[in-house]
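Student:
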Amino acid sequence: DTEVTQTPKHLVMGMTNKKSLKCEQHMGHRAMYWYKQKAKKPPELMFVYSYEKLSINESVPSRFSPECPNSSLLNLHLHALQPEDSALYLCASSQDVRRLVAYEQYFGPGTRLTVT
Amino acid sequence: AQSVTQLDSHVSVSEGTPVLLRCNYSSSYSPSLFWYVQHPNKGLQLLLKYTSAATLVKGINGFEAEFKKSETSFHLTKPSAHMSDAAEYFCVVSHYNNNDMRFGAGTRLTVKP
Chain X
738 DTEVTQTPKH LVMGMTNKKS LKCEQHMGHR AMYWYKQKAK KPPELMFVYS YEKLSINESV
798 PSRFSPECPN SSLLNLHLHA LQPEDSALYL CASSQDVRRL VAYEQYFGPG TRLTVT
Chain C
-12 AQSVTQLDSH VSVSEGTPVL LRCNYSSSYS PSLFWYVQHP NKGLQLLLKY TSAATLVKGI
48 NGFEAEFKKS ETSFHLTKPS AHMSDAAEYF CVVSHYNNND MRFGAGTRLT VKP
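Sequence order for the protein chains is X and C.
The opening position of the first sequence corresponds to residue 738 in this note's numbering, with each subsequent residue numbered one higher.
The opening position of the second sequence corresponds to residue -12 in this note's numbering, with each subsequent residue numbered one higher.
1. Whole beta strand (DSSP E) runs in the region 784 to 808 of chain X with 3 or more residues, listed along the chain?
2. In terms of residues, what are the limits of the beta strand (DSSP E) holding residue -7 of chain C?
3. Can you pull the chain X residues whose beta carbon is under 7 Å from the beta carbon of residue 19 of chain C, in chain order?
4. Output needed for residue 818 of chain X: all residues of its chain with C-beta closer than 7 Å, excluding positions within five of it in sequence on either side, in chain order.
5. Got a sec? Which residues, its chain only, sit under 6 Å from residue 24 of chain C by beta carbon, not counting five neighbours each side?
6. Identify the residues that DSSP records as bridge partners of residue 750 of chain X: which are they?
7. Between C:6, C:59, C:82 and C:70, which lies nearest to residue 51 of chain C when the distance is taken from Cα to Cα?
8. Give a yes or no on whether the minimum CB-CB distance between residue 687 of chain X and chain C is below 9 Å.
9. Of the choices C:-5, C:1 and C:-11, whose alpha-carbon is the least far from that of residue 100 of chain C?
10. At least one CB of chain C closer than 9 Å to the CB of residue 791 of chain X: is that the case?
11. Closest by CA to residue 803 of chain X, which one among X:848, X:757, X:850 and X:743?
12. In angstroms with no decimal places, state the Cα-to-Cα distance between residue 66 of chain C and residue 814 of chain X.
13. Please report the residue range of the beta strand (DSSP E) in which residue 812 of chain X lies.
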C-alpha cells in the first residue's frame, strides 16, 4: 500500500474557526511533511516530522499548528486563519530523513482550504 | 546553494508526438533528482528519480530522464504523448536529504488531439 490519505478533501472555514486537517500513511514511513500549494505554484514546505518529532518548521505562522500523534498520523490544526491562507494543503511521507540520502516522497491528494 | 530551473513554464504538443520537459540544476555536490507529475486538483505522483546510479532513468508511464552532469541537466522525455499526460510537471533537486528538497517552478504540459 503506497497511499497517503488526507481528510477532508475540501474545507471552508471562517477566520475565527478552529479546524484540523488529517493525514495518514501505513507504509511504515518515519518522515512526514506538510506542504502549502497556491494555484499555479510549486509546493512550499511548511513542516517536517522525523520519528514523530518536529524537525523542520519553515517559519510558518503560529496559526498553523502541526501534531504527530504516532508514526502513521499527521495533523495540522488551524486557528484564526487569513484569506491568504486559502490553498491546497498537501501531506507527504518518505521512508526516512537521513543525512546524504534523499528518499522519494509519497503525496496525498490534498485538502483544498478556503478561508472566508 | 542548490537550485533548480525548469526552462519552460508551458509546453504544448500534439498527441503521439515526443515530449521534452527541460530541467537544469545548480549543485556543489552530487544531487538526487526527481520528476513529479500533478494532475489538476490532485497530489503529486513520482515519475522517476536519479540517485547516482544509471544516468538514464526510466520511470512510469513511458517517461524517462537522462542525468547529464556536464550540462547540469535532467530533462524529462517521452516518445509519444498521450492525452492523459496533460498535467503540471515538477523537477525537484536534493543535495543532502529530504529536508533540503527544492522544487522547480513547474511546467504545464498541454496535449492537443
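Each residue gets a CB set at the ideal place from its N, CA and C atoms; glycine is no exception.
Tutor: From the atom records:
1. Whole beta strand (DSSP E) segments, 3+ residues: 790 to 794 and 801 to 807.
2. Position 6 of the second sequence, counted from the start, is the residue given in the question as residue -7 of chain C. Start and end: -10 to -7.
3. Counting from one through the second sequence, the residue named residue 19 of chain C turns up at place 32. Here the neighbours are 839.
4. Stepping through the first sequence from its first residue, residue 818 of chain X is reached at position 81. 750, 752, 800 and 852.
5. Counted from its first residue, the second sequence places residue 24 of chain C at position 37. Contacts found: 32, 34, 74 and 76.
6. For the purposes of this step, residue 750 of chain X is taken as the residue at position 13 of the first sequence. Checking the DSSP bridge columns, you'll see residue 750 of chain X partnered with X:852.
7. As a first step, residue 51 of chain C is located in the second sequence; it is residue number 64 there, counting from the start. Of the candidates C:6, C:59, C:82 and C:70, the one whose C-alpha sits nearest the C-alpha of residue 51 of chain C is C:6.
8. Examination of residue 687 of chain X is not possible in this model, given that chain X is present from 738 through 853 alone.
9. Counted from its first residue, the second sequence places residue 100 of chain C at position 113. Looking at the Cα atoms, C:1 is the closest of the given residues.
10. Residue 791 of chain X sits at position 54 when you count from the first residue of the first sequence. Residue 791 of chain X does not count as touching chain C.
11. Residue numbering aside, residue 803 of chain X sits at position 66 when the first sequence is read from its first letter. Ranking the options by Cα distance to residue 803 of chain X, first place goes to X:757.
12. As a working note, residue 66 of chain C is residue 79 in the second sequence. As a working note, residue 814 of chain X is residue 77 in the first sequence. For residue 66 of chain C and residue 814 of chain X, the distance between alpha carbons rounds to 45 Å.
13. In the first sequence, residue 812 of chain X corresponds to position 75, counting from 1. According to the DSSP assignment, residue 812 of chain X belongs to the beta strand (DSSP E) that extends over 810 to 816.
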